[in-house]
């Protein structure tokens, strides 16, 4: 395939990339990464159009256009990297990107610097190599990275581009290639175009898949998690308890349930209003969560009633610690402090249990006992 044909393909694909992510950003403005990826497509398009125009001799080659093309290539790579940083919640580097563009563009007008084609090509290739390497390393080291995820495709894309530009850089700096022409010789042009095309085509696919995966995860979370407390909701209860009960039966490990609710919660709502009642729910769940371990699974069953799955440990000591922590942590408001207590019921798995609902039923009975015998106490369905 001729390099001119590659230029046409780059122009079309980068325009598609810019339009796709630009339109997606218009309907999902909270996803700032889409704006960065649309910008990457735009900068790649600028590079492709200027380079194609020069290659097809549609207009004379000027230093201004060379600066626009090269600065566009650099900022396109950088914007693709910045979009991934935005996607995973890292600090924005957009301001650094602007300075990088100005530096690269301005250097094209400094005598004996990027005005010389023999200097310009190695410098640009070196910058692109550094950006691609930084991106590949960042993605591979980001939290939750998996080799079967869309992020792996983007990582592979940056790695491939890095290899191409590193190869080009080595050839140029060791004297094996001398780009006497403004656009470089055939090998220089081919490596540069392939590096750019590698980012545009698989890069667009990878970024789109990452956004779709993030949206799917958010939808799944909204269906499974209580938005007020951040605890799992009742819809999530059966699948999780079924899985953990089967594991406990299979391995002989623990399976304990702690149920609790806020004492006299209705009076808090009636006295202080529902907004304060919501604050009380959030306050209690935060206090309780601070006492739990990472593998204790928390559920809001509805209203002011909650459940905790405790896979292992001394359930009695944990339940008493939760009760005491809530009692010792009043809800502080501008109008004063509200003392809050909870009643707690505990139950553990028995050899004769055939499903998790039997354990939950005993925990509910224990909670009922705690409430009917004075509240602010812990009751056990079985020795724990």
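In full-length UniProt numbering, the protein residues as written are 1 to 384.
The C-beta atom is built at its ideal place from N, Cα and C for all residues, glycine as well.
Please read all numbers here as calculations on a predicted model, not as lab measurements.
Check	Outcome
Okay, do the segment 16-34 and the segment 53-64 touch, 3+ Cβ pairs below 8 Å being the bar?	no
In the DSSP assignment, the beta strand (DSSP E) including residue 385 goes from what residue to what residue?	Because the chain spans 1 through 384 in this model, residue 385 falls outside it and cannot be assessed.
Could you tell me which residues DSSP puts in a beta bridge with residue 342?	262
Once DSSP output is grouped into helix, strand and coil, what is the label at residue 31?	coil
What are the boundary residues of the alpha helix (DSSP H) that residue 78 is part of?	63-87
Mind reading off the beta-carbon distance from residue 278 to residue 342? Whole number of angstroms is fine, and I expect it under 8 Å.	Not quite, the Cβ-Cβ distance comes to about 17 Å (not below 8 Å), so this is no contact.
Measuring alpha carbon to alpha carbon, tell me which of 318, 155, 289 and 351 ends up nearest residue 245.	351
Please confirm if the segment 33-52 is in contact with the segment 16-23, defined as three or more CB-CB distances below 8 Å between the two stretches.	yes
Would residue 335 be called buried (16 or more neighbouring beta carbons within 10 Å of its own) or exposed?	exposed
Starting from residue 348, follow its DSSP beta bridges and name the residues at the other end.	256
Buried or exposed for residue 223, please, with buried defined as at least 16 other CB atoms from any protein chain shown within 10 angstroms of its CB.	exposed
DSSP state of residue 294, grouped into three classes?	coil
Report yes if the CB atom of residue 131 is closer than 7 Å to the CB atom of residue 17, and no otherwise.	no
Out of 328, 340, 330 and 309, state which residue places its alpha-carbon closest to the alpha-carbon of residue 359.	309
Give the secondary structure of residue 300 by DSSP, where H, G and I count as helix, E and B as strand, and everything else as coil.	strand
Would you check if the segment 49-57 and the segment 233-240 touch, i.e. whether three or more CB-CB distances between them fall below 8 Å?	no
Please list the terminal residues of the continuous beta strand (DSSP E) segment that includes residue 107.	Element bounds for residue 107: not the beta strand (DSSP E) but the alpha helix (DSSP H), 94-107.
Should the segment 295-308 be regarded as contacting the segment 253-267, the criterion being three or more beta carbon pairs within less than 8 Å?	yes
Could you check the C-alpha separation between residue 247 and residue 253 for me, to the nearest Å?	8 Å
Quick check on residue 354: buried or exposed, where buried means 16 or more other Cβ atoms within 10 Å of its Cβ?	exposed
Looking only at C-alpha atoms, which of 79, 118 and 6 sits nearest to residue 171?	118
What does DSSP give as the partner residues of residue 308 in its beta bridges?	258 and 298
Starting from residue 380, follow the beta strand (DSSP E) in both directions and report where the run begins and ends.	378-380
Three-state secondary structure (DSSP) at residue 183?	Model confidence at residue 183 stands at a pLDDT of 45, short of 50, so the residue's coordinates are unreliable; what they give is reported in the following sentence. Of the three classes helix, strand and coil, the one that applies to residue 183 here is coil, per DSSP.
Under the three-state reduction of DSSP, which class applies to residue 110: helix, strand or coil?	coil
Going by other Cβ atoms of all chains shown within 10 Å of its Cβ, with 16 needed for buried, is residue 70 buried or exposed?	buried
DSSP puts residue 332 in a beta bridge; with which residues?	337
Below 8 Å on the Cβ atoms is my contact criterion, and I expect residue 97 with residue 82 to pass it. Report the Cβ-Cβ distance as a whole number of Å.	6 Å
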